[in-house]
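Residue numbers (our numbering), protein chains in the order written: chain A, 1 to 374; chain B, 375 to 578. Report on the structure given below.
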Amino acid sequence: MRLLTLKLTQFKNYTSQGLQLAPRINCFVGKNGMGKTNLLDAIYYLCMCKSQQSLSDAHLTLHGEAFFRLEGHFYKNQKRYRIVAKVQARKRKVIECNDVAYPKLIDHIGLLPVVMIVPDDTRLATEGSEDRRRFLNNTLSQLDPRYLRDLVQYNRLLKQRNAALKQMGAERRFDAALLATYDEQLLAPATYLHQQRAAFQTQLVPALQAHYAAISGGQEQVSCTYRSALSESNLADLLVAAREKDRILQRTTVGIHRDDLLFQIGEYPLKKYASQGQLKSFVLALKLAQYAILRGEKKESPLLLLDDIFDKLDPSRVRQLIELLIEQEFGQVFITDTDEHRLASILNQFTVDYRKFRVAQGQIIDAAPDEKAQ
Amino acid sequence: MNFSSKLIEEAVSAFASLPGIGKKTALRLVLHLMSQEREITDQFAEALTQMRHNIKTCQRCHNLSDDVLCNICRDPRREPHTLCVVEGVRDIMAIEETAQYRGTYHILGGVISPIEGIGTADLNIDSLIQRIAEDQIKEIIMAISPTIEGDTTIFFLSKKLADQEVKISTIARGVSFGGELEYADELTLGRSIVARVPYRAKGE
Numbered sequence: 001m002r003l004l005t006l007k008l009t010q011f012k013n014y015t016s017q018g019l020q021l022a023p024r025i026n027c028f029v030g031k032n033g034m035g036k037t038n039l040l041d042a043i044y045y046l047c048m049c050k051s052q053q054s055l056s057d058a059h060l061t062l063h064g065e066a067f068f069r070l071e072g073h074f075y076k077n078q079k080r081y082r083i084v085a086k087v088q089a090r091k092r093k094v095i096e097c098n099d100v101a102y103p104k105l106i107d108h109i110g111l112l113p114v115v116m117i118v119p120d121d122t123r124l125a126t127e128g129s130e131d132r133r134r135f136l137n138n139t140l141s142q143l144d145p146r147y148l149r150d151l152v153q154y155n156r157l158l159k160q161r162n163a164a165l166k167q168m169g170a171e172r173r174f175d176a177a178l179l180a181t182y183d184e185q186l187l188a189p190a191t192y193l194h195q196q197r198a199a200f201q202t203q204l205v206p207a208l209q210a211h212y213a214a215i216s217g218g219q220e221q222v223s224c225t226y227r228s229a230l231s232e233s234n235l236a237d238l239l240v241a242a243r244e245k246d247r248i249l250q251r252t253t254v255g256i257h258r259d260d261l262l263f264q265i266g267e268y269p270l271k272k273y274a275s276q277g278q279l280k281s282f283v284l285a286l287k288l289a290q291y292a293i294l295r296g297e298k299k300e301s302p303l304l305l306l307d308d309i310f311d312k313l314d315p316s317r318v319r320q321l322i323e324l325l326i327e328q329e330f331g332q333v334f335i336t337d338t339d340e341h342r343l344a345s346i347l348n349q350f351t352v353d354y355r356k357f358r359v360a361q362g363q364i365i366d367a368a369p370d371e372k373a374q
Numbered sequence: 375m376n377f378s379s380k381l382i383e384e385a386v387s388a389f390a391s392l393p394g395i396g397k398k399t400a401l402r403l404v405l406h407l408m409s410q411e412r413e414i415t416d417q418f419a420e421a422l423t424q425m426r427h428n429i430k431t432c433q434r435c436h437n438l439s440d441d442v443l444c445n446i447c448r449d450p451r452r453e454p455h456t457l458c459v460v461e462g463v464r465d466i467m468a469i470e471e472t473a474q475y476r477g478t479y480h481i482l483g484g485v486i487s488p489i490e491g492i493g494t495a496d497l498n499i500d501s502l503i504q505r506i507a508e509d510q511i512k513e514i515i516m517a518i519s520p521t522i523e524g525d526t527t528i529f530f531l532s533k534k535l536a537d538q539e540v541k542i543s544t545i546a547r548g549v550s551f552g553g554e555l556e557y558a559d560e561l562t563l564g565r566s567i568v569a570r571v572p573y574r575a576k577g578e
């Protein structure tokens, strides 16, 4: 699968810009704040119907304008897909595939698998469990339409249940029958989501270990455990047991919305014991494992978006990574960097075609033709 | 818009306050009334005032009505022991259009949605439970939107009615009549297969 052309209109700092992309490696180079990451985010948006940076659509529109539009021509299994995103203030956003608008955006997720690696990924290791659940959801939603549907349903019911608990608290009464109704409805989606997450973790561990060893060259063993209250007991019993607590706290205190992934290095928690370098390698290995699993399940290579990887890795590690990408038959890759010569000098060590785009102030000022290895 | 008359301006903004009517349509309606006999406008206004002042809610089913009981509840030919539970008045009109239902109705006044501030106490649930005993209801048909909130409402009601001697069903959900299978979305089609309808039992 690959992206042939991309067109941005009033997206972030781009007024209007079209790009012809190379089949393997595309480099966006330029100074900070020029709009390199915005190009990656535009590609991500066309695959996932939202920004990778969890920005609202209003913040994605060029300042002072009322709408933005993205268009991408994708090629997959000998078929062309023309994906258009039209996003207007105060209107429903529209995603079209070959001129037909999706009735529901979730129908689009999974058609064009994508993995984006950003410097911010270290949050996965250092921040709260929400980032790790988002990682689980992001991967599984691309693999399984039912997962995403059940997730949407679960979240909606959870929101209603929490609102009901708040309302009961405010009115100083308690409606056990209504809570029992929500508990019953939560059961089916929660059980499915839990099963899928647990199955994913068993796939993730070997992939994570293999990539970590390849990137760090280190001897230390890394691992990842899926922690969920549902692994111990069934949700119906858990909700009944937590009911008094829920009533007092006025929110649902147990369920798959509290799940977590625990990362370890050696025998110890990653967050406390890993060095900065180990942390960065771990998170990168995690994202590459995500890529490998998506590729294995989807039977095609997802788009790989690498934002500012030199922030994560020193040049020798980047060289290793590029080598890994080229050797492993990765699909189309998009890389941003502030120093065009640094990236070019690494890429020139390999026999691989790549195209370099110079980015300045929301414009591609120069798209060099495919450069070959010397 | 510039109006030569304050009176016209007020009439236009009154029309424009209605859902689906913009300023230009409102002006067209006002000018239309202007072009007609004065009595027609009087009748028009009178109809609205009468409606607003004299409309009642049916004491039994909460339908809109001119009397204490609505014309469906008063109709002796309706099957009194079958009850169709709906969200609102428009649902009754839609079901009546089908001419397929001869029982009576009960309007809930919405579905349970605490996010929008609609709790169980805001719906006509107590009167429904009361009616089951009073009217000796044998079957309840839930004709409620197939949404998450609609499902919550059906689940909740069937819990509340668990110890009553009453049959509960919901309207069928799935592929629409006259629709083609290949165009049905997978969720709908999946539901249709799970809730399939027996056509011929084996050996018959």
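A virtual CB, placed ideally from N, CA and C, is assigned to each residue, including glycine. Quick caveat: nothing in here was measured; it's all calculated off a predicted structure.
Quick one: list the residues of chain A neighbouring residue i, beta-carbon separation under 8 Å, in chain order.
i                     : result
residue 561 (chain B) : 149
residue 534 (chain B) : 177
Would you please state the rounded distance, in angstroms, between the beta carbons of residue i and residue j? I believe it to be under 8 Å.
i                     : j                     : result
residue 17 (chain A)  : residue 5 (chain A)   : Their Cβ separation, rounded to whole angstroms, is 11 Å, which puts residue 17 (chain A) and residue 5 (chain A) out of contact at 8 Å.
residue 390 (chain B) : residue 380 (chain B) : So it is not a contact: roughly 15 Å between Cβ atoms.
residue 117 (chain A) : residue 7 (chain A)   : Wrong, their Cβ atoms sit about 24 Å apart, outside the cutoff.
residue 360 (chain A) : residue 34 (chain A)  : 5 Å
residue 480 (chain B) : residue 435 (chain B) : 5 Å
residue 337 (chain A) : residue 27 (chain A)  : 7 Å
residue 532 (chain B) : residue 549 (chain B) : At roughly 25 Å, the Cβ-Cβ gap does not stay under 8 Å, so residue 532 (chain B) and residue 549 (chain B) are not in contact.
residue 119 (chain A) : residue 308 (chain A) : 5 Å
Going by other Cβ atoms of all chains shown within 10 Å of its Cβ, with 16 needed for buried, is residue i buried or exposed?
i                     : result
residue 189 (chain A) : buried
residue 295 (chain A) : buried
residue 520 (chain B) : exposed
residue 114 (chain A) : buried
residue 78 (chain A)  : exposed
residue 268 (chain A) : exposed
residue 461 (chain B) : buried
residue 551 (chain B) : exposed
residue 345 (chain A) : exposed
residue 422 (chain B) : exposed
residue 211 (chain A) : buried
residue 386 (chain B) : buried
residue 571 (chain B) : exposed
residue 523 (chain B) : buried
residue 425 (chain B) : exposed
residue 202 (chain A) : exposed
Mind checking whether the beta-carbon of residue i lies closer than 6 Å to any heavy atom of the ligand COA?
i                     : result
residue 412 (chain B) : This structure lacks the ligand COA, and indeed carries no ligand of any kind.
Identify the contact partners of residue i in chain B, using a Cβ-Cβ distance below 8 Å as the criterion.
i                     : result
residue 184 (chain A) : 529
residue 167 (chain A) : 488, 491, 493
Going along chain A in order, which residues have a C-beta closer than 7 Å to the C-beta of residue i?
i                     : result
residue 494 (chain B) : 175, 178
residue 522 (chain B) : 153, 156, 157
residue 525 (chain B) : 185
Helix, strand or coil: which one does DSSP assign to residue i?
i                     : result
residue 79 (chain A)  : strand
residue 497 (chain B) : coil
residue 20 (chain A)  : strand
residue 7 (chain A)   : strand
residue 480 (chain B) : strand
residue 374 (chain A) : No answer about residue 374 (chain A) holds up, because its pLDDT of 36 lies below 50 and its placement is not dependable.
residue 172 (chain A) : coil
residue 166 (chain A) : helix
residue 269 (chain A) : strand
Quick one, which of the options has its alpha-carbon nearest residue i's?
i                     : options                    : result
residue 44 (chain A)  : A:232, A:265, A:72         : A:72
residue 176 (chain A) : A:335, A:244, A:257        : A:244
residue 90 (chain A)  : A:109, A:110, A:67, A:83   : A:67
residue 568 (chain B) : B:551, B:547, B:557        : B:547
residue 145 (chain A) : A:69, A:233, A:106         : A:106
residue 280 (chain A) : A:125, A:227, A:69         : A:125
residue 235 (chain A) : A:12, A:307, A:257         : A:257
residue 141 (chain A) : A:215, A:206, A:193        : A:193
residue 200 (chain A) : A:185, A:316, A:147        : A:147
residue 535 (chain B) : B:472, B:575, B:501        : B:501
residue 253 (chain A) : A:171, A:158, A:318, A:309 : A:158
residue 274 (chain A) : A:314, A:218, A:246, A:9   : A:218
residue 343 (chain A) : A:318, A:363, A:333        : A:318
Counting only Cβ pairs nearer than 7 Å, list the residues of chain B close to residue i.
i                     : result
residue 159 (chain A) : 489
residue 190 (chain A) : Chain B residues near residue 190 (chain A): none, gap ~14 Å exceeds 7 Å.
residue 58 (chain A)  : Per Cβ cutoff of 7 Å: no residues; residue 58 (chain A) is ~22 Å from chain B at best.
residue 163 (chain A) : 488, 489
residue 181 (chain A) : 526, 529, 530, 533
Run through chain B and tell me which residues come within less than 9 Å of residue i, C-beta to C-beta.
i                     : result
residue 214 (chain A) : Residues of chain B passing the Cβ test: none, with the nearest at roughly 39 Å.
Which residues, in order along the stretch 416-427 of chain B, keep a beta-carbon less than 9 Å from a beta-carbon of chain D? No chain D is present in this structure, whose protein chains are A and B.
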